[in-house]
Amino acid sequence: MVYIEEAHPIDAWQDDDNIKAKIFLHSTRTRKERCDVAGTCLVKLGIEYPAVVDDIANTTERAYTAWPDRLYVIDRDGRIAYKSKPGPFGFHTEDVAHALERLLPDSQPSAKPSPSVTRVEPAIPSTPGKAL
Amino acid sequence: MRLWHKIVLAVLVAYGVLCAAAYEVMRQTPERFGLIMEHVPDLAFIVLPFKPLWFRARAGTLNVGDPAPDFSLPTQDNKGVVQLASFRSARPVVLVFGSYT
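Chains A and B, in that order, give the protein sequences. In terms of our numbering, the first sequence opens at residue 1 and continues consecutively. In terms of our numbering, the second sequence opens at residue 133 and continues consecutively.
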């Protein structure tokens, strides 16, 4: 996971789902704040794959036009093999599985996404790709 | 021009202007976009073609086949730094961009 700036901070545009879930977060202004919130995210959403945190200048997010959420698959040559449409509407984890199957054709077929998979967690199949 | 022609034309022009304005707002930085959208009524999401405008406005400049921009970022637990290029020739990498909210 590449943790980026908040999608719906309370100091900008709060979201009804977050209000219902009692998630009230300000935009993060320091790297420490962002790391702390990222840590909460990983725990609450049960994300077990490695997570890195974008800098406060949002350099990586800008390079990938990733906000509010987005999926990419990078092949072994360091080239973009799959780029999702911008989230939330374009965030489809099954497309990631299909892209990995094309890159790793000799691997096992992708597993079905578990019911607990959320928007920020791809349906990573049992193929030797790396999720970040 | 008959009156109803003028009305239809005016509505179409207004709709086009609103779509163009929405598109431009979607191209703003996330912070600015959020501050503006806080004051936009929910009706706008029904009236305007939000999704196709969003897809176009937030398309970005990267395309499939392009070199992925390299980055070197610290892990959330501050125990290390991960560079995307380090995975080259090893295995594909899935990047999941997102946040808690």
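We put the CB at the ideal spot given by N, CA and C, even for glycine. Fair warning: this is a prediction, and the values are worked out from it, not measured in the lab.
Where residue i sits in the DSSP three-state scheme
| i | result |
| --- | --- |
| residue 232 of chain B | coil |
| residue 135 of chain A | Here chain A covers residues 1 to 132 and nothing more, so residue 135 of chain A does not appear. |
| residue 82 of chain A | strand |
| residue 184 of chain B | helix |
| residue 199 of chain B | strand |
| residue 53 of chain A | strand |
| residue 110 of chain A | No answer about residue 110 of chain A holds up, because its pLDDT of 48 lies below 50 and its placement is not dependable. |
| residue 19 of chain A | helix |
| residue 25 of chain A | coil |
| residue 179 of chain B | helix |
| residue 124 of chain A | At residue 124 of chain A the pLDDT is 38, less than 50, meaning the model places this residue with poor confidence; the figure from the coordinates comes in the next sentence. DSSP places residue 124 of chain A in coil when its eight states are reduced to three. |
| residue 12 of chain A | coil |
| residue 103 of chain A | helix |
| residue 96 of chain A | helix |
| residue 191 of chain B | coil |
| residue 218 of chain B | helix |
Boundaries (first-last residue) of the alpha helix (DSSP H) holding residue i
| i | result |
| --- | --- |
| residue 44 of chain A | 31-44 |
| residue 88 of chain A | It is not in any alpha helix (DSSP H) - residue 88 of chain A carries neither H nor E in the DSSP assignment. |
| residue 142 of chain B | 135-158 |
| residue 169 of chain B | 162-169 |
| residue 64 of chain A | 59-64 |
Best match in the options for proximity to residue i [C-alpha to C-alpha]
| i | options | result |
| --- | --- | --- |
| residue 43 of chain A | A:75, A:95 and A:1 | A:1 |
| residue 205 of chain B | A:59, A:85 and A:86 | A:59 |
| residue 21 of chain A | A:45, A:52 and A:27 | A:45 |
| residue 3 of chain A | A:33, A:16 and A:99 | A:33 |
| residue 7 of chain A | A:69, A:31 and A:83 | A:69 |
| residue 153 of chain B | B:135, B:189, B:174 and B:227 | B:189 |
| residue 73 of chain A | B:207, B:226 and B:193 | B:226 |
| residue 180 of chain B | B:155, B:193 and B:191 | B:155 |
| residue 83 of chain A | B:208, B:161, B:228 and B:164 | B:228 |
| residue 78 of chain A | B:214, B:207 and B:218 | B:218 |
| residue 61 of chain A | A:98, A:5, A:19 and A:93 | A:5 |
| residue 39 of chain A | A:52, A:88 and A:27 | A:52 |
| residue 87 of chain A | B:171, B:200, B:174 and B:158 | B:158 |
| residue 47 of chain A | B:208, B:170 and B:220 | B:208 |
| residue 221 of chain B | A:66, A:14, A:130 and A:26 | A:130 |
| residue 198 of chain B | A:55, A:67 and A:81 | A:81 |
| residue 162 of chain B | A:66, A:54 and A:71 | A:66 |
| residue 91 of chain A | B:216, B:201, B:194 and B:187 | B:187 |
| residue 168 of chain B | A:12, A:94, A:41 and A:106 | A:12 |
Which residues DSSP lists as bridging residue i, in chain order
| i | result |
| --- | --- |
| residue 213 of chain B | B:206 |
| residue 130 of chain A | B:225 |
| residue 2 of chain A | A:52 and B:229 |
Distance cut-off 8 Å: residue i Cβ against heavy atoms of the ligand PLP
| i | result |
| --- | --- |
| residue 147 of chain B | Summarising the ligand content, the structure contains no ligands, and the ligand PLP is consequently not present. |
Any C-beta of chain E under 9 Å from that of residue i
| i | result |
| --- | --- |
| residue 55 of chain A | Protein chains in the displayed structure are A and B, and chain E is not among them. |
Using Cβ-Cβ distances below 8 Å, what residues of the segment 74-88 of chain A are close to chain B? 74, 75, 76, 77, 78, 79, 80, 81, 82, 83, 85, 86 and 87
Between the segment 153-179 of chain B and chain A, which residues of the former have a C-beta closer than 8 Å to a C-beta of the latter? 162, 163, 165, 166, 167, 169 and 170
At a CB distance below 7 Å, what residues from the segment 28-40 of chain A approach chain B? Give them in sequence order. Sequence-ordered contacts of the segment 28-40 of chain A with chain B read 35, 37, 38, 39 and 40 [C-beta pairs closer than 7 Å].
May I ask you to list, following chain order, the residues of the segment 7-22 of chain A that have a beta carbon less than 7 Å from some beta carbon of chain B? The segment 7-22 of chain A vs chain B, Cβ under 7 Å: 7, 8, 9, 12, 13, 15 and 18.
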